Each structure stands twice: as structure tokens, then as C-alpha cells.
Amino acid sequence: MAIDDRLVSAAIAHALTPGMLATWDPRLARTPRVMVPVQLDVLMVRGEGGTWAKTVMAVPKATSSPEAHTLLAEPFAEREPRKPGAYLHWALPDALTRGVGTAAGGDVSFPPIPDRWLVVRLSTPDVGARRAVTAWVLESDGAEPVVTPLDAWSEDADPERTTTAGVEPLTALGHGDSSWSAYFDNVENRLGFYDDLTDVRGPLGYLVCGWHSRHVDDPIGEGLSSPTHFESRLAELGWEIDPADVEAAFVYAQDRVVAATTFGLATREVAYSQRASASVGKALAVDGVKEKTSTRFTNLGKAVLGRWGA
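Each residue of the sequence shown is one higher than the last, beginning at 711 in this note's numbering.
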């Protein structure tokens, strides 16, 4: 198959790497994202032994609603010694740890916390050697969190879903205690991660980034209707963004969508644009957009990747 050199040039110009194109997810939102800093602490355990306090809360049965204090560990109880390695533990942004109460019933509701976390380890084994990068994705929304190496992970959940039968979004309260997220043993693979450092030597660095698998859980997601609404929501959360950065982010996001269209890659943004246009009377085919663009990518985009990677 003849390959248009302009497609290869477009991929390079728009920083679309072979890996990015090969793992493209048409359901992923490519509208601008707001990155909110989190505090990451790492405990290095270099040898076995020692005395460690037992701090983990018991997990309540799905059919029961016990008082939170009955799930706490006994005072001065000890746990088995920790294994050598790195224990990562990160704190949520303050805005996700604040609840809102109602005057009538006295109930307090807390916002959902991110249920997907990317953990990246950077290591330099020898002086002058290239950095080695190892990464994992944590899926923390289930009864048991799941850890998957990044190169083997793909998102199975539908980001458009609004409810999941029998599952409530996880909050900073966890099992109902305000200190739940402050203890590593409560949040391992949810807000914490253990790296055994097998066969790893030299200086280490870590990057942690989280997001919501459901768009409806995003505190500044798609429920915002205008720039004014966006700004007021940021103020409620205690976050602030330079307007110039917002404008630049929109330009970048638009560039990404245009570049994806060049390669025949489906995006949510194009699909929604077509739906909106159809709703005002324009004759556009909405059904089957994903299948049509995916077919084009199969026949053309993969050939470009093969040439590019050669």
C-alpha cells in the first residue's frame, strides 16, 4: 500500500507517537484537563524486621453497615514487619476531602475521588545510562483494587456511564472514617502503592497522576456550561488557573482532535460535534462513526506506523 508522506509528517508535527496511535482509545476525553498537585511521600524500607503498628481498618461486609469505630484496629496492636521496598502514599487535594452537609437531615456528602492512578518509576542504574521507566495503572473502584503494568493495561469501563450497579463512588472517607486515607494500609493500590524494587539500583524518582474513569465524577468535568460557570467552580474548589493557560490548553486540545481526524482516529469530540450539527438540521451520519474511522485507521494508519517504526 502506498503511504502518503504527509501523514508521517503530520504525525511528527503533532507529536503523535507510534505507541500513542497503537493504543488510541476513542472514548477518552481530549478536552483540556486541569492538573491539580498532590503531595507524594515515599517510605524506603531497606531491611526486614522492626516493630510496626497495625493501622488498617477492617473492611465491612457488603450487607452490613457497622459503626466506623468498630472497624478500627485495636490500640497498640502490631502488624507483621514490612517487606523491603518503596511505599508510596499520596494525599488528595483538599477540595476532594471536604464534605457538604444538609441543614435538614444533617447528612454530609463527599465528592468522588479519582479511581484511576498512573504510577511511574524512573530509575538510573548506572552513571551515564539512560533512565529506565516502569509504570503501573491502579484501578481502585472495585471491592479489590487491580494493579496492571501500563503496557498491558487498557480501559474497559465506559466513561459515559453514570451508575454502576451495587457500587458507590469511593470518597476520602473510605469505610466511613475521616482518617481512613491517612494510613497507607487502608489505601494500598487506591492512594498508595508498594514497589518491591526487585533488580532496581541507583537513584529513583516517582510520578503519580490520577483521574476519574467516569466523566460524571470529575468536579470540573462536562457538567460546566460556560466559562463563568468554570471560573465559579474553580473558586469553590479553591483552585486558580491563569486565563492564558486555559486558552493555550483549548488550542492544544483542538490541535489534537484535528490531528486525530487526519489519521482517521475516532474521538468523542468529533462525534459530539456531529451530533450537535445533526440536531440543528444538518445531514450528518452519526451512527457508525467509530466503526468507519476505525476501519480507515486499520487500512491506512497501521501502515504508516509500520513505516515510521522501521
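By construction, the Cβ of each residue, glycine as well, lies at the ideal position given by its N, Cα and C atoms. Remember, predicted model here, so these are calculated numbers, not experimental data.
Using alpha carbons as the reference points, say which of the options lies closest to residue i.
i: Ala805; options: Ala882, Phe786, Ala725; result: Ala882
i: Gly915; options: Trp762, Gln964, Phe960, Arg841; result: Arg841
i: Phe820; options: Lys793, Pro855, Ser888; result: Ser888
i: Asn896; options: Gly884, Phe786, Tyr904; result: Gly884
i: Gly886; options: Ile722, Val818, Trp827, Pro794; result: Val818
i: Glu758; options: Thr872, Gly920, Glu957, Asp906; result: Asp906
i: Val837; options: Pro913, Glu784, Asp955, Val847; result: Pro913
i: Pro794; options: Leu782, Ala945, Arg808, Gly760; result: Gly760
Take residue i and list the residues in its own chain whose beta-carbon comes closer than 6 Å to its own, dropping the five residues that flank it on each side.
i: Arg966; result: Arg740
i: Asp651; result: Within the shown structure, residues of the chain are numbered from 711 to 1020, placing residue 651 beyond reach of any answer.
i: Ser864; result: none
i: Arg911; result: Pro835
i: His724; result: Ala969
What residue range does the beta strand (DSSP E) around residue i cover?
i: Met754; result: 749-755
i: Glu849; result: 842-849
i: Asp895; result: Not the beta strand (DSSP E): Asp895 falls in the alpha helix (DSSP H), residues 894-897.
i: Thr977; result: That residue, Thr977, is in no beta strand (DSSP E); it is neither H nor E in DSSP.
Short check: CB of residue i to CB of residue j, under 8 Å?
i: Leu901; j: Trp800; result: yes
i: Arg737; j: Pro869; result: yes
i: Ile951; j: Leu880; result: no
i: Trp762; j: Pro791; result: yes
i: Pro742; j: Phe940; result: no
i: Pro855; j: Asn899; result: yes
i: Val766; j: Tyr893; result: yes
i: Asp825; j: Glu788; result: no
i: Val748; j: Trp949; result: no
Going by beta carbon distance, what residues of the same chain come within less than 7 Å of residue i, once the five residues before and after it are set aside?
i: Val830; result: Val843, Ala845, Tyr916, Leu917
i: Gly729; result: none
i: His925; result: Ala739, Pro869, Glu870, Gly931, Glu932
i: Asp997; result: For Asp997, the pLDDT reaches just 32, beneath the cut-off of 50, and the residue's location in the model is therefore unreliable, leaving the point undetermined.
Does the beta-carbon of residue i have 16 or more other beta-carbons within 10 angstroms, so that it is buried, or is it exposed?
i: Ala976; result: buried
i: Leu753; result: exposed
i: Gly852; result: exposed
i: Glu936; result: Sequence inspection shows Ser at residue 936; the Glu mentioned does not correspond to that position. Flag for Ser936 reads exposed.
i: Val769; result: exposed
i: Ser750; result: The identity of residue 750 in the sequence shown is Leu, whereas the question assumes Ser. Label assigned to Leu750: exposed.
i: Val877; result: exposed
Ends of the alpha helix (DSSP H) at residue i?
i: Pro937; result: 937-947
i: Pro869; result: From DSSP, Pro869 is part of no alpha helix (DSSP H); its letter is neither H nor E.
i: Gly902; result: Not the alpha helix (DSSP H): Gly902 falls in the beta strand (DSSP E), residues 902-905.
Kindly list the residues whose CB is nearer than 8 Å to the CB of residue i, restricted to its own chain and excluding five residues on each side of it in sequence; keep chain order.
i: Ser942; result: none
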